[in-house]
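Working notes for the structure below.
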Amino acid sequence: MTVTLEKPRRATKVDPIPWWLKLVGLAVALYFVLPTLFVIPMSFSTATTFQFPPRGFSLRLYQNFFTNPVWLDALRNSVLIALLAALLATVVGTAAAIGLHNLTGRLARFARTLLMVSIVTPAIVLAVAVYISFLQWRLVGTLGGYVLAHAAIGVPFVLISVTGALGGFDPKLLRASASLGAPPLRAFLTVTMPLISRGIVTGAVFAFVTSFDEVVIALFLRSPALQTLPVQMYNSVTVEIDPTIAASSSVVVTAVTTICLVLQFVGGRRRNR
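Residues 1 to 273 in full-length UniProt numbering are what the sequence shown spells out, letter by letter.
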(Lines of atoms letter the chains of each structure in order from A and count residues from 1; the text may use other names and numbers.)
(Lines give C-alpha, C1' and ligand atoms only; values in the text may rest on other atoms or scores of the structure.)
Protein backbone atom coordinates (compact mmCIF):
# COMPACT_ATOMS: atom_id res chain seq x y z
CA MET A 1 0.00 0.00 0.00
CA THR A 2 1.50 3.27 -1.09
CA VAL A 3 0.55 6.63 0.31
CA THR A 4 1.01 9.69 -1.85
CA LEU A 5 1.37 13.00 -0.18
CA GLU A 6 -0.01 15.97 -2.04
CA LYS A 7 1.97 19.15 -1.97
CA PRO A 8 0.14 21.92 -0.15
CA ARG A 9 -1.28 24.43 -2.56
CA ARG A 10 -0.09 27.93 -2.25
CA ALA A 11 -2.78 30.33 -1.29
CA THR A 12 -3.37 32.76 -4.10
CA LYS A 13 -3.42 36.35 -3.02
CA VAL A 14 -6.63 38.08 -3.92
CA ASP A 15 -6.56 41.84 -4.11
CA PRO A 16 -9.52 43.03 -2.01
CA ILE A 17 -9.70 46.30 -3.97
CA PRO A 18 -11.07 45.91 -7.52
CA TRP A 19 -9.29 47.64 -10.39
CA TRP A 20 -12.18 49.96 -11.19
CA LEU A 21 -12.22 51.27 -7.61
CA LYS A 22 -8.49 51.99 -7.84
CA LEU A 23 -9.12 53.84 -11.09
CA VAL A 24 -11.85 55.95 -9.49
CA GLY A 25 -9.57 56.72 -6.53
CA LEU A 26 -6.77 57.79 -8.88
CA ALA A 27 -9.16 60.03 -10.83
CA VAL A 28 -10.40 61.69 -7.64
CA ALA A 29 -6.81 62.22 -6.43
CA LEU A 30 -5.82 63.81 -9.74
CA TYR A 31 -8.91 66.04 -9.62
CA PHE A 32 -7.72 67.52 -6.31
CA VAL A 33 -3.99 67.57 -7.11
CA LEU A 34 -4.02 69.04 -10.63
CA PRO A 35 -5.09 72.58 -9.59
CA THR A 36 -2.11 72.68 -7.24
CA LEU A 37 0.19 71.55 -10.04
CA PHE A 38 -1.02 74.51 -12.10
CA VAL A 39 -0.67 77.08 -9.30
CA ILE A 40 2.87 76.26 -8.18
CA PRO A 41 4.52 76.80 -11.62
CA MET A 42 2.54 80.04 -12.05
CA SER A 43 4.03 81.36 -8.80
CA PHE A 44 7.47 81.44 -10.46
CA SER A 45 6.28 83.24 -13.59
CA THR A 46 7.62 86.59 -14.80
CA ALA A 47 4.20 87.60 -16.19
CA THR A 48 2.14 90.31 -14.53
CA THR A 49 -1.13 88.41 -15.13
CA PHE A 50 -2.32 84.84 -14.73
CA GLN A 51 -0.75 82.76 -17.48
CA PHE A 52 -0.17 79.06 -17.92
CA PRO A 53 2.26 77.77 -18.91
CA PRO A 54 4.37 80.44 -17.16
CA ARG A 55 6.74 82.64 -19.11
CA GLY A 56 10.25 82.67 -17.72
CA PHE A 57 11.37 82.08 -14.15
CA SER A 58 11.28 84.68 -11.40
CA LEU A 59 10.82 85.01 -7.64
CA ARG A 60 9.10 88.38 -8.02
CA LEU A 61 5.73 87.14 -6.74
CA TYR A 62 7.30 85.61 -3.63
CA GLN A 63 9.25 88.82 -3.04
CA ASN A 64 6.04 90.80 -3.28
CA PHE A 65 4.28 88.40 -0.90
CA PHE A 66 6.97 88.55 1.80
CA THR A 67 7.60 92.29 1.52
CA ASN A 68 4.11 93.69 0.98
CA PRO A 69 2.69 94.76 4.38
CA VAL A 70 -0.88 93.98 3.26
CA TRP A 71 -0.06 90.32 2.57
CA LEU A 72 2.13 90.00 5.66
CA ASP A 73 -0.53 91.48 7.95
CA ALA A 74 -3.11 89.08 6.50
CA LEU A 75 -0.74 86.15 7.04
CA ARG A 76 -0.03 87.14 10.64
CA ASN A 77 -3.75 87.59 11.33
CA SER A 78 -4.55 84.15 9.92
CA VAL A 79 -1.82 82.42 11.92
CA LEU A 80 -2.80 84.17 15.16
CA ILE A 81 -6.52 83.51 14.72
CA ALA A 82 -5.92 79.89 13.72
CA LEU A 83 -3.69 79.26 16.76
CA LEU A 84 -6.18 80.77 19.22
CA ALA A 85 -9.16 79.10 17.54
CA ALA A 86 -7.40 75.71 17.51
CA LEU A 87 -6.52 76.10 21.20
CA LEU A 88 -10.10 76.95 22.16
CA ALA A 89 -11.56 74.22 19.93
CA THR A 90 -9.15 71.66 21.39
CA VAL A 91 -10.11 72.47 24.98
CA VAL A 92 -13.86 72.45 24.27
CA GLY A 93 -13.76 69.42 21.95
CA THR A 94 -11.60 67.34 24.31
CA ALA A 95 -13.78 68.16 27.32
CA ALA A 96 -16.92 67.34 25.33
CA ALA A 97 -15.49 64.04 24.06
CA ILE A 98 -14.50 62.93 27.57
CA GLY A 99 -17.85 63.97 29.02
CA LEU A 100 -19.89 62.27 26.28
CA HIS A 101 -17.74 59.15 26.55
CA ASN A 102 -19.21 58.52 29.99
CA LEU A 103 -22.79 59.28 28.96
CA THR A 104 -25.32 57.09 27.19
CA GLY A 105 -28.87 57.50 26.03
CA ARG A 106 -30.74 60.21 24.19
CA LEU A 107 -29.07 63.07 26.02
CA ALA A 108 -25.62 61.97 24.87
CA ARG A 109 -26.80 61.54 21.26
CA PHE A 110 -28.48 64.94 21.29
CA ALA A 111 -25.39 66.68 22.71
CA ARG A 112 -23.11 64.96 20.18
CA THR A 113 -25.40 65.96 17.31
CA LEU A 114 -25.54 69.54 18.57
CA LEU A 115 -21.73 69.76 18.66
CA MET A 116 -21.44 68.23 15.19
CA VAL A 117 -24.03 70.45 13.51
CA SER A 118 -21.47 72.96 12.22
CA ILE A 119 -19.69 70.32 10.14
CA VAL A 120 -22.83 69.51 8.11
CA THR A 121 -24.33 73.01 7.90
CA PRO A 122 -23.54 74.97 4.71
CA ALA A 123 -20.84 77.56 5.28
CA ILE A 124 -22.98 80.42 3.99
CA VAL A 125 -25.73 79.58 6.50
CA LEU A 126 -23.20 79.57 9.34
CA ALA A 127 -21.70 82.82 8.10
CA VAL A 128 -25.06 84.62 8.05
CA ALA A 129 -25.98 83.29 11.51
CA VAL A 130 -22.60 84.29 12.94
CA TYR A 131 -22.79 87.74 11.35
CA ILE A 132 -26.29 88.48 12.71
CA SER A 133 -25.36 87.30 16.20
CA PHE A 134 -21.97 88.99 16.34
CA LEU A 135 -23.38 92.22 14.97
CA GLN A 136 -25.56 92.55 18.06
CA TRP A 137 -22.66 91.62 20.34
CA ARG A 138 -20.28 94.01 18.55
CA LEU A 139 -17.87 91.23 17.65
CA VAL A 140 -17.79 91.83 13.88
CA GLY A 141 -14.31 92.82 12.77
CA THR A 142 -12.70 91.90 16.09
CA LEU A 143 -10.10 89.30 16.95
CA GLY A 144 -12.42 87.71 19.51
CA GLY A 145 -15.18 87.36 16.92
CA TYR A 146 -12.87 85.57 14.49
CA VAL A 147 -11.58 83.22 17.20
CA LEU A 148 -15.05 82.30 18.50
CA ALA A 149 -16.45 81.68 15.02
CA HIS A 150 -13.47 79.65 13.82
CA ALA A 151 -13.34 77.65 17.06
CA ALA A 152 -16.99 76.69 16.59
CA ILE A 153 -16.24 75.06 13.22
CA GLY A 154 -13.13 73.37 14.62
CA VAL A 155 -14.77 71.69 17.62
CA PRO A 156 -16.34 68.82 15.58
CA PHE A 157 -12.93 67.76 14.25
CA VAL A 158 -11.48 67.62 17.75
CA LEU A 159 -14.57 65.80 19.02
CA ILE A 160 -14.30 63.12 16.33
CA SER A 161 -10.57 62.64 16.80
CA VAL A 162 -10.61 62.46 20.61
CA THR A 163 -13.71 60.23 20.61
CA GLY A 164 -11.84 57.78 18.40
CA ALA A 165 -8.85 57.86 20.75
CA LEU A 166 -11.12 57.18 23.73
CA GLY A 167 -12.47 54.06 22.05
CA GLY A 168 -9.63 51.95 23.47
CA PHE A 169 -9.46 53.72 26.81
CA ASP A 170 -10.16 51.58 29.89
CA PRO A 171 -12.03 53.49 32.65
CA LYS A 172 -10.60 51.07 35.20
CA LEU A 173 -7.30 52.94 34.92
CA LEU A 174 -8.90 56.06 36.38
CA ARG A 175 -10.47 54.10 39.21
CA ALA A 176 -7.12 52.51 39.94
CA SER A 177 -5.37 55.88 40.04
CA ALA A 178 -8.12 57.25 42.32
CA SER A 179 -7.72 54.30 44.67
CA LEU A 180 -4.03 55.15 44.92
CA GLY A 181 -4.87 58.67 46.06
CA ALA A 182 -4.44 60.62 42.81
CA PRO A 183 -6.76 63.67 42.53
CA PRO A 184 -8.92 63.95 39.37
CA LEU A 185 -6.70 66.56 37.70
CA ARG A 186 -3.52 64.57 38.28
CA ALA A 187 -5.23 61.38 37.10
CA PHE A 188 -6.27 63.12 33.89
CA LEU A 189 -2.81 64.53 33.23
CA THR A 190 -0.90 61.33 34.04
CA VAL A 191 -3.33 58.64 32.85
CA THR A 192 -5.90 59.95 30.39
CA MET A 193 -3.85 62.59 28.59
CA PRO A 194 -0.96 60.33 27.48
CA LEU A 195 -3.39 57.74 26.11
CA ILE A 196 -5.45 60.20 24.05
CA SER A 197 -2.69 62.70 23.22
CA ARG A 198 -2.50 61.50 19.62
CA GLY A 199 -6.20 62.17 19.10
CA ILE A 200 -5.90 65.60 20.73
CA VAL A 201 -2.96 66.61 18.52
CA THR A 202 -4.70 65.35 15.38
CA GLY A 203 -7.87 67.26 16.23
CA ALA A 204 -5.90 70.41 17.02
CA VAL A 205 -4.12 70.25 13.66
CA PHE A 206 -7.41 69.84 11.80
CA ALA A 207 -8.92 72.73 13.76
CA PHE A 208 -5.91 74.91 12.92
CA VAL A 209 -6.04 74.08 9.19
CA THR A 210 -9.82 74.60 9.08
CA SER A 211 -9.50 78.02 10.69
CA PHE A 212 -6.54 79.03 8.54
CA ASP A 213 -8.42 78.07 5.37
CA GLU A 214 -11.81 79.56 6.29
CA VAL A 215 -12.98 82.25 3.86
CA VAL A 216 -16.80 82.40 3.90
CA ILE A 217 -17.23 83.35 7.56
CA ALA A 218 -14.13 85.57 7.35
CA LEU A 219 -15.74 87.55 4.51
CA PHE A 220 -18.66 88.41 6.79
CA LEU A 221 -16.47 89.27 9.78
CA ARG A 222 -13.76 91.25 7.98
CA SER A 223 -13.00 94.89 8.61
CA PRO A 224 -10.52 97.32 7.03
CA ALA A 225 -8.19 96.85 10.01
CA LEU A 226 -8.46 93.06 10.33
CA GLN A 227 -8.42 90.71 7.34
CA THR A 228 -7.24 87.14 7.05
CA LEU A 229 -5.10 85.65 4.30
CA PRO A 230 -8.00 83.83 2.54
CA VAL A 231 -9.91 87.13 2.38
CA GLN A 232 -6.88 88.90 0.93
CA MET A 233 -6.49 86.10 -1.62
CA TYR A 234 -10.17 86.47 -2.52
CA ASN A 235 -9.74 90.21 -2.98
CA SER A 236 -6.66 89.69 -5.16
CA VAL A 237 -8.71 87.86 -7.80
CA THR A 238 -12.00 89.77 -7.52
CA VAL A 239 -10.89 93.36 -6.90
CA GLU A 240 -7.19 93.89 -7.68
CA ILE A 241 -6.32 91.02 -10.10
CA ASP A 242 -3.01 90.49 -8.31
CA PRO A 243 -1.00 87.42 -9.41
CA THR A 244 0.67 87.36 -5.99
CA ILE A 245 -2.11 84.96 -5.04
CA ALA A 246 -0.17 82.24 -6.87
CA ALA A 247 2.77 82.67 -4.49
CA SER A 248 0.51 82.86 -1.42
CA SER A 249 -1.35 79.73 -2.53
CA SER A 250 1.92 77.86 -2.97
CA VAL A 251 3.06 78.93 0.51
CA VAL A 252 -0.22 77.76 2.07
CA VAL A 253 -0.19 74.43 0.21
CA THR A 254 3.43 73.78 1.18
CA ALA A 255 2.84 74.65 4.84
CA VAL A 256 -0.31 72.52 5.17
CA THR A 257 1.28 69.57 3.33
CA THR A 258 4.36 69.76 5.55
CA ILE A 259 2.24 69.77 8.72
CA CYS A 260 0.25 66.73 7.54
CA LEU A 261 3.40 64.81 6.53
CA VAL A 262 5.12 65.55 9.85
CA LEU A 263 2.02 64.49 11.75
CA GLN A 264 1.78 61.25 9.75
CA PHE A 265 5.51 60.56 10.20
CA VAL A 266 5.38 61.08 13.96
CA GLY A 267 2.23 58.96 14.24
CA GLY A 268 3.83 56.18 12.18
CA ARG A 269 6.92 56.12 14.39
CA ARG A 270 4.78 55.87 17.51
CA ARG A 271 2.80 52.95 16.03
CA ASN A 272 6.00 51.09 15.19
CA ARG A 273 7.31 51.31 18.75
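Glycine included, every Cβ here is placed at the ideal spot set by N, Cα and C.
Which first and last residues belong to the alpha helix (DSSP H) in which residue i is found?
i: I124; result: A123 to W137
i: S177; result: K172 to S179
i: T90; result: P69 to H101
i: S197; result: M193 to D213
i: S161; result: L143 to L166
i: V24; result: W19 to M42
i: D108; result: The sequence shown places Ala at residue 108, rather than the Asp named in the question. R106 to V120 is the extent of the alpha helix (DSSP H) around A108.
i: Q184; result: Note that residue 184 is Pro in the sequence shown here, rather than Gln. Looking at the DSSP string, the run of the alpha helix (DSSP H) that includes P184 is P184 to A187.
What does the alpha-carbon distance come out to for the pair residue i and residue j?
i: F38; j: A204; result: 30 Å
i: V140; j: A247; result: 29 Å
i: R60; j: L261; result: 28 Å
i: I119; j: A85; result: 16 Å
i: P194; j: M116; result: 25 Å
i: G164; j: I17; result: 25 Å
i: A243; j: W71; result: What sits at residue 243 in the sequence shown is Pro, not Ala. Between P243 and W71, the C-alpha separation is close to 12 Å.
i: L30; j: V253; result: 16 Å
i: Y234; j: Q63; result: 20 Å
i: V155; j: T238; result: 31 Å
i: F134; j: G144; result: 10 Å
i: A108; j: A178; result: 25 Å
i: N54; j: S236; result: Asn is not the amino acid found at residue 54; the sequence shown has Pro there. Roughly 19 Å between the two C-alpha positions.
i: T121; j: G99; result: 24 Å
i: I81; j: R112; result: 25 Å
i: R106; j: I153; result: 23 Å
i: A207; j: I124; result: 19 Å
i: A95; j: L83; result: 18 Å
i: P69; j: A182; result: 52 Å
i: Q227; j: A129; result: 20 Å
i: Y93; j: R198; result: Note that residue 93 is Gly in the sequence shown, not Tyr. Approximately 14 Å between the Cα atoms of the pair.
i: F212; j: A74; result: 11 Å
i: P171; j: H101; result: 10 Å
i: T36; j: S249; result: 9 Å
i: L26; j: A187; result: 46 Å
i: A225; j: L87; result: 24 Å
i: Q232; j: A176; result: 53 Å
Starting from residue i, follow its DSSP beta bridges and name the residues at the other end.
i: S223; result: L226
My understanding is that residue i touches residue j, with C-beta atoms under 8 Å, so please give their C-beta distance in whole angstroms.
i: L263; j: T202; result: 7 Å
i: S43; j: L229; result: 15 Å between Cβ atoms; not a contact.
i: I200; j: L166; result: The pair is not a contact, with the Cβ atoms about 10 Å apart (cut-off 8 Å).
i: F220; j: Y131; result: 4 Å
i: V158; j: A89; result: 5 Å
i: V56; j: T46; result: Note on residue identity: the sequence assigns Gly, not Val, to residue 56. Correct: roughly 4 Å between the Cβ atoms.
i: V251; j: F65; result: 7 Å
i: I217; j: A149; result: 5 Å
i: T190; j: L174; result: With a Cβ gap of about 10 Å, T190 and L174 do not count as contacting.
Beta-carbon of residue i versus every beta-carbon of chain C: anything under 8 Å?
i: I160; result: Looking for chain C here will not work: only one protein chain is present.
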